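Numbers 1 to 328, taken from the UniProt record's numbering, label the letters of the sequence shown in order.
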Amino acid sequence: MLTTPHSIDSEALLATGRRVIGTEASALGQLAESLGPTFVEAIRRILASPGRTIISGMGKSGHIARKIAATLASTGTPSMFVHPAEASHGDLGMITPDDVVLLLSNSGETPELADLIAYSRRFAIPLIGVAGRPGSTLLRQSDVAILLPPAPEACSVGLAPTTSTTMTLALGDALAVALMEHRHFTPEDFRGFHPGGKLGARLTTVASLMHSGDQLPLINPEAPMGDALLEMSRKGFGVVGVTGADGHLIGIVTDGDLRRHMDGLLDRRVAEVMTAEPSTISTASLASEALGVMNSKKITTLFAEAPDAPGIPAGILHVHDCLRAGVV
């Protein structure tokens with residue numbers, strides 16, 4: 001029955017929300033305790049597969065299957081979702097003997113999964129089943145049967161998939177992270193799959209944004225300041241790096257240095273005007289780290305040095321490079 005806004009009981013709603021979250025949190029604790037040899041075997045089967053992990057489910061389990069497939073794919077495990085109904089109408093051809101199949105069904109009796117089960121059995125494709133009923137068709141037919149612990153659905157009538165889908169989603173995350181850690185998946189690997197959006201920007205390295213080669217504004221400490229001004233103007237970074245005979249960065253000249261030495265500036269050598277021991281950053285560092293250094297020191301540029309050649313400028317990064325790339 002619909003109610004008007006003024007008749008809503010706020011405390012009752014809060015109580016419901018807290019009850020639902022508490023119910024599902026308790027179930028997740030049970031799930032964690034229930035993990036055992038079948039979880040490990042599922043990981044082994046996926047790692048041994050030269051193909052992809054094919055994930056399927058119907059209804060709410062299908063939505064969870066899509067998310068698990070996306071999480072696996074983005075963390076180094078090639079994966080895809082196949083809709084059970086479409087599988088029965090030709091999409092079974094997407095599944096090869098090199099793949100491993102992961103099927104989700106809380107009851108373990110979802111009729112739409114029958115053709116996927118039969119296909120995997122016919123062609124000896126490894127099958128991992130996840131269900132909440134022991135002895136169900138899915139678990140009996142699976143090479144690896146992961147049984148979800150018994151837990152009530154969070155809704156008042158105990159029917160809407162809530163607790164069961166939360167447990168299944170968490171299990172998928174557990175599989176993905178275990179695989180990810182076993183493969184020693186790095187932030188660089190992660191960025192390869194996430195080049196766009198804020199996540200991609202957060203994982204952008206200094207090396208991918210910096211200017212190098214002929215773009216580097218560099219000068220000798222014994223050069224006259226007139227040459228430094230020309231170099232600063234040509235390169236357009238508002239700074240020039242000062243390198244010694246061995247190529248190491250020994251200082252920088254900024255517009256602030258120019259203002260402080262305005263009197264007789266053109267009669268001075270670079271070494272007389274420069275700021276010694278400037279801040280630098282590794283080319284392997286994240287651009288977000290470089291931006292943090294620039295913000296904390298109230299500067300707009302950083303010279304970058306390669307990890308295997310410390311002290312030698314390999315590039316220069318401007319705050320605008322970070323902002324254009326979405327690094328904030």
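C-beta: ideal position from N, C-alpha, C; glycine also.
These numbers come from a predicted model, not from an experiment.
Assign residue i to buried or exposed, taking buried as 16 or more other Cβ atoms, counted over all protein chains shown, within 10 Å of its Cβ.
| i | result |
| --- | --- |
| N295 | exposed |
| S164 | buried |
| R183 | exposed |
| A245 | exposed |
| P221 | buried |
| L47 | exposed |
| V100 | buried |
| F123 | exposed |
| S233 | exposed |
| V21 | Correcting the residue identity first, residue 21 is Ile in this sequence and not Val. By the neighbour-count rule (16 or more Cβ atoms within 10 Å), I21 is not buried but exposed. |
| L72 | buried |
| G241 | buried |
| L317 | buried |
| D257 | buried |
| D263 | exposed |
| D321 | buried |
| A69 | buried |
| I8 | exposed |
| A304 | buried |
| V328 | exposed |
| A154 | buried |
In terms of residues, what are the limits of the beta strand (DSSP E) holding residue i?
| i | result |
| --- | --- |
| F81 | S79 to F81 |
| I299 | Where I299 is concerned, there is no enclosing beta strand (DSSP E), given that its DSSP letter is neither H nor E. |
| L249 | L249 to T254 |
| G241 | V239 to T243 |
Determine the extent of the alpha helix (DSSP H) in which residue i is found, giving its start and end residues.
| i | result |
| --- | --- |
| I46 | P37 to A48 |
| G17 | S10 to S34 |
| T205 | Counting along the chain, T205 falls outside any alpha helix (DSSP H), and DSSP gives it neither H nor E. |
| V273 | V270 to V273 |
| S7 | Unbroken run through S7: none, as it is neither H nor E. |
| L230 | M225 to K235 |
What is the DSSP secondary structure of residue i, counted as helix, strand or coil?
| i | result |
| --- | --- |
| H89 | coil |
| I316 | strand |
| H63 | helix |
| E305 | strand |
| L169 | helix |
| S56 | strand |
| V157 | coil |
| I219 | strand |
| G200 | helix |
| H194 | coil |
| P84 | helix |
| S212 | coil |
| V327 | coil |
| L102 | strand |
| I125 | coil |
| I146 | strand |
| I95 | coil |
| S282 | strand |
| A131 | strand |
| A118 | helix |
| A276 | strand |
| S136 | coil |
| P187 | helix |
| T163 | helix |
| P152 | coil |
| E112 | helix |
| G264 | coil |
| S292 | At residue 292 the sequence reads Gly, which differs from the Ser that was named. DSSP places G292 in helix when its eight states are reduced to three. |
Anyone know if the C-beta pair for residue i and residue j falls short of 8 angstroms?
| i | j | result |
| --- | --- | --- |
| G315 | L216 | yes |
| T168 | I64 | yes |
| L302 | S282 | no |
| T53 | L113 | no |
| L291 | V319 | yes |
| I128 | I117 | no |
| E24 | T110 | no |
| A170 | L31 | yes |
| T204 | A287 | yes |
| L179 | T254 | no |
| S156 | A131 | no |
| A325 | L209 | yes |
| H261 | R269 | no |
| I125 | P149 | no |
| H89 | G62 | no |
| R191 | G200 | yes |
| A207 | A284 | yes |
| L104 | G57 | yes |
| S74 | F237 | no |
| A223 | G251 | no |
Quick one: measure Cβ to Cβ for residue i and residue j, integer angstroms, because I've assumed they're closer than 8 angstroms.
| i | j | result |
| --- | --- | --- |
| L265 | P313 | The Cβ separation is near 24 angstroms, so there is no contact. |
| F81 | I43 | That belief does not hold up - the Cβ atoms of F81 and I43 are roughly 20 angstroms apart, past 8 angstroms. |
Following a CB-centred definition, is residue i positioned closer than 7 angstroms to any heavy atom of the ligand HEM?
| i | result |
| --- | --- |
| D246 | The ligand HEM is not part of the structure shown, which contains no ligands of any sort. |
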